[in-house]
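Since the structure comes first, as structure tokens, the remarks are kept for the end.
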Amino acid sequence: MTATPSNDVSAWERLEQGRQAKASNGGYAGYGSPAFGQRSVDGELVDDPEECQVIELIRRHHKCGKSLQKIADWLNEQGYTTKRGQPWQRISVKRVLDRLYGKVSRISGVTSQAEQNPELFPSASSDALPETIRGSMPPK
């Protein structure tokens, strides 16, 4: 005979509660692939430095007024690919910007990467960026 919890919570609900608790504590709850700019290491989300540099490039191009399609085209011309190795599309750029600016979070209660790591997303001049990023920046 199998024991059931007295509060009649299904296994699915218990799993969901556990995922939500882990996510609220900053852990990676395993909802598909981590967002662009992050990766899972030993069950925890950590920033991917190379992808964070691409996010900064996207942010700066967007701030300069480029359209989502122009940003995607530029990324493809420079040889950048998405997390899964695919060419960039405007919707991919939009999703990165939405997560960056906190418009949409994958899990409720999770702050944006910019809020969690302000040092990775400087709002200062491009002089604060490594040369590899500065060299590929559009003119101001």
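Position 51 (the sequence shown) corresponds to 50 in numbering that gives the first Met the number 0; numbering is contiguous.
We put the CB at the ideal spot given by N, CA and C, even for glycine.
> Taking the runs of the alpha helix (DSSP H) that are 4 residues or longer, which of them lie wholly in the stretch 44-105?
Replying inline: 48-62, 67-76, 89-99
> Per DSSP, which one or two residues make a beta bridge with S39?
Replying inline: Mapped onto the sequence shown, residue 39 falls at position 40. Its beta-bridge partners are L44.
>> So, with DSSP's three-state summary, where would you put S23?
In response: The count along the sequence shown starts at 1 and reaches residue 23 at position 24. S23 falls in the helix class under three-state DSSP.
>> For a test of the three-state rule: what should DSSP assign to G31, helix, strand or coil?
In response: Reading the sequence shown from its first residue, position 32 is the one you call residue 31. Of the three classes helix, strand and coil, the one that applies to G31 here is coil, per DSSP.
> Candidates E50, E55, G17, E43: which alpha carbon is nearest E83's?
Replying inline: One-based indexing of the sequence shown puts residue 83 at position 84. In the sequence as presented, Glu is not what sits at residue 83; that position holds Arg. Selected option, being the one with the closest Cα: E50.
> Does the stretch 77-96 come within contact of the stretch 46-66, defined as at least 3 CB pairs closer than 8 Å?
Replying inline: yes
> Buried or exposed: E55, going by 16 or more other Cβ atoms within 10 Å of its Cβ?
Replying inline: Counting from one through the sequence shown, the residue named residue 55 turns up at place 56. With 16 or more other Cβ atoms within 10 Å, it is buried.
>> For a quick check, are the C-beta atoms of F35 and T80 less than 8 Å apart?
In response: Your numbering for residue 35 matches position 36 in the sequence shown. Your numbering for residue 80 matches position 81 in the sequence shown. No; because the gap between Cβ atoms is not below 8 Å, this pair is not in contact.
> Within this structure, are the beta carbons of D47 and R38 separated by less than 8 Å?
Replying inline: Here residue 47 corresponds to residue number 48 of the sequence shown, with the count starting at 1. Here residue 38 corresponds to residue number 39 of the sequence shown, with the count starting at 1. Yes, they are a contact pair.
>> Suppose you measure from the CA of H61 to the CA of E76; what does that come to, to the nearest Å?
In response: Taking the first residue of the sequence shown as position 1, residue 61 is located at position 62. Taking the first residue of the sequence shown as position 1, residue 76 is located at position 77. Rounded to the nearest angstrom, the two C-alpha atoms are 17 Å apart.
> What is the rounded straight-line gap between the Cα of G42 and the Cα of Y27?
Replying inline: Taking the first residue of the sequence shown as position 1, residue 42 is located at position 43. Taking the first residue of the sequence shown as position 1, residue 27 is located at position 28. Taking the straight line joining both Cα atoms gives about 6 Å.
> Buried or exposed: where does L74 fall if 16 or more other Cβ atoms within 10 Å of its Cβ makes it buried?
Replying inline: Translated into the one-based positions of the sequence shown, residue 74 becomes position 75. Answer is buried; the Cβ neighbour count reaches 16.
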